[in-house]
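Okay, so the sequence shown: first residue is 100 according to the numbering used here, each after it adds one.
Beta carbons are placed, not taken as given, at the ideal position from N, Cα and C, and that holds for glycine.
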Amino acid sequence: MDGRVVRGVQRAALEQWSDFIAKSLSHRIDPDKFESYVPFLQVKHPLPPVAVADLFLRPQPHNHESLDPRVPRYLQVLSDLNYIDTPSILKALYRYSTSRAHSRDAAQPANGETQRSNMPRWGSSYAAEEVMFYRLTKSVAQGTAIQNMGTSLEIANIMAKWIALFTDAATAFTVDVMGQLHNSQVREEMESARAAFVALLLGVCENQVVLKALSKPEAQGRRSYDVRLVNYQLIRSDTRKALSESLANFVPTIMQSAGPIATRLDMFRTSTLAGFEPVDEQKNKSNAEIEDLFDSTVALENFVISELPIVNSRAGLYIYLNAALVGRPLIDDLAIFNYLNNRYQGDVQTTTVDFILASFDVLANAASRNEGNQAAHLLRSFLMNKLPILIESLSKHMYGPVNAEYCITEALGRVDTTTFPTLSSMFDETRSNNPFTDSVREEFCWACCLHGLVRESSIETLLGETPYQSLPAGGRYVKENLVAECLADPERMQALISELDNKDGNAGAVCQALTEVFIVLAACKSYLMLTTSR
100 MDGRVVRGVQ RAALEQWSDF IAKSLSHRID PDKFESYVPF LQVKHPLPPV
150 AVADLFLRPQ PHNHESLDPR VPRYLQVLSD LNYIDTPSIL KALYRYSTSR
200 AHSRDAAQPA NGETQRSNMP RWGSSYAAEE VMFYRLTKSV AQGTAIQNMG
250 TSLEIANIMA KWIALFTDAA TAFTVDVMGQ LHNSQVREEM ESARAAFVAL
300 LLGVCENQVV LKALSKPEAQ GRRSYDVRLV NYQLIRSDTR KALSESLANF
350 VPTIMQSAGP IATRLDMFRT STLAGFEPVD EQKNKSNAEI EDLFDSTVAL
400 ENFVISELPI VNSRAGLYIY LNAALVGRPL IDDLAIFNYL NNRYQGDVQT
450 TTVDFILASF DVLANAASRN EGNQAAHLLR SFLMNKLPIL IESLSKHMYG
500 PVNAEYCITE ALGRVDTTTF PTLSSMFDET RSNNPFTDSV REEFCWACCL
550 HGLVRESSIE TLLGETPYQS LPAGGRYVKE NLVAECLADP ERMQALISEL
600 DNKDGNAGAV CQALTEVFIV LAACKSYLML TTSR
C-alpha cells in the first residue's frame, strides 16, 4: 500500500478516536456504554495501544489542567479489551507528566525524541498518576500486566525513564527550599504520586517474568540484540544499565520516606542486576596470559602487599557539618541523608555513631577557638534540637540488635570527657569551666530520651552518674497540637517564640508549628495577629 494512503488512513483513525473521546467526556458516558461502543470503533478504525493510550492521556483542547476523572475508568475498559497495555499507559503518562516541567529533561529531549516547543503538558497530573500507578501495581501483582519478555523489557526501559524523571523532580523541589517556584501542596502531590510509583517499581523489580527477561542477553544493548515487541518497536538500549544508573540516583531520594522499600530496591540494583552481568571470558583469558608472563619473569610472590580496608573517618563528616553550620545555616534533611548514604553506603550503625561524634567535634572546635556566645548557642541548639530528629529518621533503618540507644551509647563512650565533662567534675575547683561544653552530654541524653531514642532508665548508665535534669514538664511537643493551640489562643505564640532558645529537644516542633501558623494567618490576612506576634 502506498505510504500516503497509509498515513491518510492513520490520520482518519486518529481523528475518529479523538472525536469519540471528546464526545464520551462531554456526555459523561458510563463505562458500560463505553465498553459497548469502543469495539466498533476499533474494528472500523484500528489503532495500536501506544496511539490509543496517548489520545486518552494527553491534554484535551478544552482542558490542560488535570485529567478527567472518567479517563482512568475508560482506560480500565480498554485494558480489559486488550486495546492498551501497561507500556503504552506508562509512556503516555510520562510524555505529558507535570514532572517534565520540573525536571532538567524538560529542556533537552531524550534520545530518539524530537524537540517540540508546543508539546502540551498537564498543569497538575500528579493525582491522575497516583491513581494509574496504583492500578498498574494491582495488575502487576495479579500477573496480567506482564506476560512475556518483550513487554518486560519495554516496561523496564520506560520505568528507568520514570525513575530519572522523579529523581530530577525531587531535586528541583529540594533546590527550591524557599518555595519560590512551587508551593507545599504541589510538593505533597508529587510525593504522593512518587509513593505510588515506588510501589509499582517494587512490583516490577520483583516480578519473575521481568527478572527472567533481565537475565537474558537481550537486556544488554551492547551485544546488539533486537527484541520484537507487541507494538513492533525494537529495543536496542542497555536495559540493565539504564535501570542500575537511574536507581543509584533515585534510592537516596526515598531513603527517608520509604526506607525499607529503598533498601530492597538497592539490593535489587547491587545484587540482582549486578548478578545478571556476564563474565567476560575473553578478558579473563587475557588476564591469565599476562599473569603467566609475570610469573615467569618476576617472582611476584616475594612481594607481600597487604590489602588496606577502606575506612570512613569522622573527619570528612566533621568538615561537612562545619561547612553546613557556618554563618546562617540552612540545613536540609534530604541533602544530609543523601550525603550520609553516599558516604557510608547504607551502614546505618557507623553513620549514626560518626554523625553524633562529628556533631560533638564541631562544638569542641568552637569551644577551643572561643567563637563566642552566638556560635555556642547555634551549635548546642543543633546538638539538642536537630540531631535527635535526624537520628530518629536513621533509626527506622536499623534492624536486629542494633538500635538508636546502642549507637548513642557507643558514641558517648568515645566522647572526650575532658572537653565535655560530667556534672560532678564541673564542681572541681582545679579546672576551668567552659559554658560551651558544660552539661552538653546530659542535655543531649535527655533530648534523645524525649524523642524515644533512649530509655529514661538508661541515662544514668550513659552518663556514669545520677542525672540532675529531667524531661520537659510538657513532654514532647506535637506540631498539630501546637498549631491548634496558637490558632485558639494568640498569646500562645508569644510563649512558643520564647521557647525557641530552649535546648530540650522541642524547638523543632515549635519552629514547624509557628511556621504553619504564620502561613495560615497570612492566608487569612490576619495582619493584626501577625503584628502582635512579632
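Among the options, which residue has its Cα nearest to the Cα of residue i?
| i | options | result |
| --- | --- | --- |
| residue 148 | 136, 116 and 131 | 116 |
| residue 273 | 476, 289 and 572 | 289 |
| residue 345 | 417, 255, 541 and 616 | 255 |
| residue 575 | 603, 236, 613 and 251 | 603 |
| residue 537 | 519, 544 and 420 | 519 |
| residue 549 | 303, 499, 182 and 486 | 486 |
| residue 77 | 439, 433, 431 and 432 | Examination of residue 77 is not possible in this model, given that the chain is present from 100 through 633 alone. |
| residue 338 | 257, 241, 176 and 474 | 257 |
| residue 436 | 474, 361, 376 and 375 | 361 |
| residue 192 | 182, 160 and 235 | 235 |
| residue 458 | 469, 422 and 442 | 422 |
| residue 594 | 579, 238 and 613 | 613 |
| residue 188 | 232, 163, 160 and 200 | 232 |
Apart from the five residues just before and just after residue i, which ones in its own chain have a Cβ nearer than 7 Å to its Cβ?
| i | result |
| --- | --- |
| residue 324 | Residue confidence for residue 324 is low, a pLDDT of 40 falling below 50, so the modelled location carries little weight; the figure read from the coordinates is stated next. Closer than 7 Å at the Cβ level, and outside the excluded window around residue 324, lie 316 and 317. |
| residue 109 | none |
| residue 512 | none |
| residue 126 | none |
| residue 363 | 301 |
| residue 478 | 424, 461, 462 and 465 |
| residue 644 | It is not possible to answer for residue 644, since the shown part of the chain is limited to 100 through 633. |
| residue 186 | 250, 253, 254 and 257 |
| residue 340 | none |
| residue 543 | 482 and 483 |
| residue 365 | 350 and 445 |
| residue 419 | 438 |
What are the boundary residues of the alpha helix (DSSP H) that residue i is part of?
| i | result |
| --- | --- |
| residue 623 | Careful: residue 623 lies outside any alpha helix (DSSP H) and carries neither H nor E. |
| residue 245 | Careful: residue 245 lies outside any alpha helix (DSSP H) and carries neither H nor E. |
| residue 647 | Any answer about residue 647 is impossible in this case: the structure gives the chain only from 100 up to 633. |
| residue 284 | 283 to 304 |
| residue 173 | 169 to 179 |
| residue 584 | 578 to 587 |
| residue 513 | From DSSP, residue 513 is part of no alpha helix (DSSP H); its letter is neither H nor E. |
| residue 132 | 130 to 143 |
| residue 536 | Counting along the chain, residue 536 falls outside any alpha helix (DSSP H), and DSSP gives it neither H nor E. |
| residue 182 | Careful: residue 182 lies outside any alpha helix (DSSP H) and carries neither H nor E. |
| residue 340 | 338 to 353 |
| residue 127 | Element bounds for residue 127: n/a, residue is neither H nor E. |
| residue 432 | 432 to 443 |
| residue 311 | 307 to 313 |
Can you name, in chain order, every residue of its own chain whose Cβ lies under 6 Å from the Cβ of residue i, other than the five neighbours on each side?
| i | result |
| --- | --- |
| residue 112 | 144 and 146 |
| residue 170 | 155 |
| residue 114 | none |
| residue 607 | 484 and 488 |
| residue 453 | 413 and 416 |
| residue 251 | 245, 308, 309 and 312 |
| residue 455 | 510 |
| residue 351 | 437 and 440 |
What is the C-beta distance between residue i and residue j, in whole angstroms, given that I count them as a contact (C-beta under 8 Å)?
| i | j | result |
| --- | --- | --- |
| residue 599 | residue 610 | 7 Å |
| residue 492 | residue 502 | Actually they do not touch by this definition, with Cβ atoms about 14 Å apart. |
| residue 482 | residue 539 | 7 Å |
| residue 166 | residue 137 | Contact flag wrong, Cβ pair sits at about 18 Å. |
| residue 615 | residue 582 | 5 Å |
| residue 596 | residue 547 | 25 Å between Cβ atoms; not a contact. |
| residue 297 | residue 357 | 6 Å |
Where DSSP assigns a beta bridge to residue i, which residues make up the other side?
| i | result |
| --- | --- |
| residue 159 | 162 |
Is the CB of residue i under 8 Å away from at least one CB in chain C?
| i | result |
| --- | --- |
| residue 597 | As a matter of chain content, chain C is missing from the structure shown, which is built from one protein chain. |
Could you name the residues of the same chain whose beta carbon sits closer than 8 Å to that of residue i, not counting the 5 residues immediately before and after it, in chain order?
| i | result |
| --- | --- |
| residue 196 | 220, 221, 224, 228 and 264 |
| residue 584 | 591 |
| residue 321 | Below a pLDDT of 50, predicted positions are generally treated as unreliable, and residue 321, at 47, falls in that range; the measurement from the model is reported next regardless. Here the set comprises 337. |
| residue 545 | 558, 566, 568, 569, 570, 603 and 604 |
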